[in-house]
Amino acid sequence: MRKFLLIVLSAGLSLVSVSIMAHHSGSMFEETKTITLTGVIKEFQYTNPHSWLIIDVTGEDGKVTAWGFEAEGPSTLLRAGIKKSDFKPGTRITITGRPMRNGRPAGYWVSAVREEDGKIFTPSAGFEVK
Amino acid sequence: MSASKLIKRFALAAIAGSFLVVAVASADEDTSAERQKMKELGLKYDSAWALYQALKEQAHGGTPLTWQTVPNWSGVRTRAKGITEYDPDGPPQGEFPSTAKFTPEYYAKTLKAVEDRKNGIEYDPLSQCIPPGYPRWLDMPFLREFIVIPEMTTMIAEAFNSVRFIYTDGRGHIPEEDRYPTENGDSIGFWDGQKLITHTNQLMAHMYERAQGFYTEQAESVEIWEQMNDGTLVAHVWVYDPPALLEPWYTRQGYARLSNPDLSLRIRHWACKGNPNNDVIETKEGGSQFNNFDFEKADDDANKDER
Numbered sequence: 008m009r010k011f012l013l014i015v016l017s018a019g020l021s022l023v024s025v026s027i028m029a030h031h032s033g034s035m036f037e038e039t040k041t042i043t044l045t046g047v048i049k050e051f052q053y054t055n056p057h058s059w060l061i062i063d064v065t066g067e068d069g070k071v072t073a074w075g076f077e078a079e080g081p082s083t084l085l086r087a088g089i090k091k092s093d094f095k096p097g098t099r100i101t102i103t104g105r106p107m108r109n110g111r112p113a114g115y116w117v118s119a120v121r122e123e124d125g126k127i128f129t130p131s132a133g134f135e136v137k
Numbered sequence: 033m034s035a036s037k038l039i040k041r042f043a044l045a046a047i048a049g050s051f052l053v054v055a056v057a058s059a060d061e062d063t064s065a066e067r068q069k070m071k072e073l074g075l076k077y078d079s080a081w082a083l084y085q086a087l088k089e090q091a092h093g094g095t096p097l098t099w100q101t102v103p104n105w106s107g108v109r110t111r112a113k114g115i116t117e118y119d120p121d122g123p124p125q126g127e128f129p130s131t132a133k134f135t136p137e138y139y140a141k142t143l144k145a146v147e148d149r150k151n152g153i154e155y156d157p158l159s160q161c162i163p164p165g166y167p168r169w170l171d172m173p174f175l176r177e178f179i180v181i182p183e184m185t186t187m188i189a190e191a192f193n194s195v196r197f198i199y200t201d202g203r204g205h206i207p208e209e210d211r212y213p214t215e216n217g218d219s220i221g222f223w224d225g226q227k228l229i230t231h232t233n234q235l236m237a238h239m240y241e242r243a244q245g246f247y248t249e250q251a252e253s254v255e256i257w258e259q260m261n262d263g264t265l266v267a268h269v270w271v272y273d274p275p276a277l278l279e280p281w282y283t284r285q286g287y288a289r290l291s292n293p294d295l296s297l298r299i300r301h302w303a304c305k306g307n308p309n310n311d312v313i314e315t316k317e318g319g320s321q322f323n324n325f326d327f328e329k330a331d332d333d334a335n336k337d338e339r
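Line by line, the protein sequences give chains A and B.
Per the numbering used here, the first sequence starts with residue 8, numbered consecutively.
Per the numbering used here, the second sequence starts with residue 33, numbered consecutively.
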């Protein structure tokens, strides 16, 4: 069941492949591939021109790697209902993003779910006109 | 919440999110007849200045605003359609911008940019803090505000703290002998009732958007700005640029007023280097790559030779 849901998840996320970035090209990220990781928030850099969510991810070998996920700046995140206080250090999340093509530990933030309450955070929702 | 429930919820939300993006991109009234009429209007004149003068003559020189007739263009706004496409009614970014008629040289240049993008090769000078400039100003996403007083209209885009000043106090352009290219150009205008008509020159060569064409220092534009009944500001824009365009490129730009009940949406300073992880440089192949990350250990950076 879990495997099935992950496949469904990947199919859905692949449709959200449009990289909406005003400041730089999104060509360093995979266009359709996604990666899903679970980790603990290290820092939420809530800034212009882009925000970065940095999480510590523990691998199967016990090694901790810091991963960064890029999103738009504060005004777009606010329009998506994402506040700086939503991701305090120590918060556990599962995040899906489009990884970098060159294998560096970073990606374009597609969606994240906060473990404590199941709340979902999708930055691209900030481009909805309402 | 169990892990399977969490993943199921996440999956459904992600799928819904994907349809949201599609819905946003396609939601618009049918303006095709209006666009055709405006395109034909532009074709009647061989320069932006000639079109501007004709519109001014038609408006009997225009009607200066007073504090009693200043329109209310307030509110935090964003593009109503076409998040990063220069022409909101043209093909999506990544496809050739077929609503423009480029000269052979600029057609080839744009086609190359489109093909390179498909192959993952793309670099934007904005990455290293070159301002978007105008007319690219029109397609910057994020927030906007418009301030109208009788003597001038100030148009503010959040991205790059980019501000345009449209003088409506009767002054002309800067004398030709004193002109030099500037990012947002020199804009003057007049009011025809509640419509603002502008003329802009003195522009700096740049791109309309990534893989959507390029303009030269000779580009000049005319805009007609008006507010629709739903509060959306619409700008009819004609760009004339003989070295790059065979005919004026007409586009219909829109800026919707956003709901902001708790007043949390506001324009914040937009420093290009405001985040240590936003240093994007041009690769040897002409692509884009991040420089160092502040969260990455040096020994994790296995691909540093690429940069």
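C-beta: ideal position from N, C-alpha, C; glycine also.
If you're wondering where the values come from, they're calculated on a predicted model, not measured in any experiment.
Paired residues, beta bridge with B:M184 - DSSP = B:I181, B:Y199
Nearest-angstrom Cα separation, counted from A:H31 out to B:D148 | Counting only the Cα atoms, A:H31 lies some 15 angstroms from B:D148.
Using alpha carbons as the reference points, say which of A:F128, A:E122, A:G104, A:L84 lies closest to A:F134.
-> A:L84
Mind listing the chain A neighbours of B:G306? Cutoff is C-beta to C-beta under 7 angstroms, in chain order.
-> T54, N55, P56
Contact with chain A by B:A145, beta-carbon distance below 8 angstroms | Interface with chain A (8 angstroms Cβ-Cβ cutoff): B:A145 is excluded.
Would you call the CB atoms of B:I313 and B:E177 closer than 8 angstroms?
-> no
Just the C-alpha distance for B:C304 and B:Y138, rounded to the nearest angstrom, thanks.
-> The straight-line gap from Cα to Cα measures roughly 29 angstroms.
Once you ignore the five residues that flank B:E255 on each side, which residues in its own chain have a CB closer than 6 angstroms to its CB?
-> Cβ within range, chain order: T230, A267, V269.
Check whether B:F174 and A:S82 have beta carbons under 8 angstroms apart = yes
For B:G165 and chain A, any beta-carbon pair shorter than 8 angstroms?
-> So, not an interface residue.
Close beta carbons around A:K91, own chain, < 8 angstroms, minus the five adjacent residues each side = F51, Y53, P81
Which same chain residues, not among the five before or five after A:P96, have their C-beta less than 7 angstroms away from its C-beta?
-> I48, K49, E50
Could you check what DSSP says for B:P96 in three-state terms: helix, strand or coil?
-> For B:P96, the three-state secondary structure derived from DSSP is coil.
Under the three-state DSSP convention, the category A:G133 falls into = helix
B:Q100 versus B:L290 - alpha carbon distance | 25 angstroms
Euclidean distance between Cα positions of B:G209 and A:S58 | The amino acid occupying residue 209 of chain B in the given sequence is Glu; Gly does not appear at that position. Those two C-alpha atoms are separated by around 44 angstroms.
Closer than 9 angstroms, Cβ to any Cβ of chain B: which residues of the segment 66-96 of chain A, in chain order?
-> T72, A73, W74, G75, E77, E79, G80, P81, S82, T83, L85, R86, K90
Could you give the uninterrupted runs of the beta strand (DSSP E) lying entirely in the segment 90-164 of chain B, keeping only those of 3 residues or more?
-> 109-111
Since B:Y272 sits in a beta bridge, which residues does DSSP pair it with?
-> Beta-bridge pairing links B:Y272 to B:E252.
Taking buried to mean at least 16 other C-beta atoms within 10 Å of its own C-beta, is A:E67 buried or exposed?
-> exposed
Mind checking which residues open and close the alpha helix (DSSP H) that includes A:A113?
-> Looking at the DSSP string, A:A113 is not in any alpha helix (DSSP H); the run it does join, the beta strand (DSSP E), is 113-121.
Taking A:I61 as the query, report the chain B residues whose CB atoms sit under 7 angstroms from its CB, ordered along the chain.
-> Ordered by position in chain B, the residues that pass the 7 angstroms Cβ test against A:I61 are F327.
Report the neighbours of A:K137 on chain B: residues whose CB is nearer than 8 angstroms to its CB, in chain order.
-> L290, S291
With DSSP as the reference, please indicate the residues paired to A:D63 in a beta bridge.
-> In DSSP, A:D63 forms a bridge with A:V47, A:A73.
Tell me B:K259's beta-bridge partners as DSSP assigns them.
-> Position check: residue 259 of chain B holds Gln in this sequence, whereas Lys was assumed. B:L265.
Per DSSP, cross-strand counterpart(s) of B:H301 | In the DSSP output, where bridge partners are listed per residue, B:H301 has none listed.
Quick one: what does DSSP say B:F192 is sitting in, helix, strand or coil?
-> helix
Tell me which same chain residues have a C-beta within less than 6 angstroms of the C-beta of B:S159, skipping the five on either side of it?
-> V312
Have a look at B:V108, B:A145, B:M172, B:S130 and flag the residue whose alpha-carbon is nearest the alpha-carbon of B:G114.
-> B:M172
Any idea which residues DSSP pairs B:T232 with across the strands?
-> As a beta-bridge residue in DSSP terms, B:T232 pairs with B:S219, B:S253.
Would you please verify whether the beta carbon of B:M172 is less than 8 angstroms from any beta carbon of chain A?
-> yes
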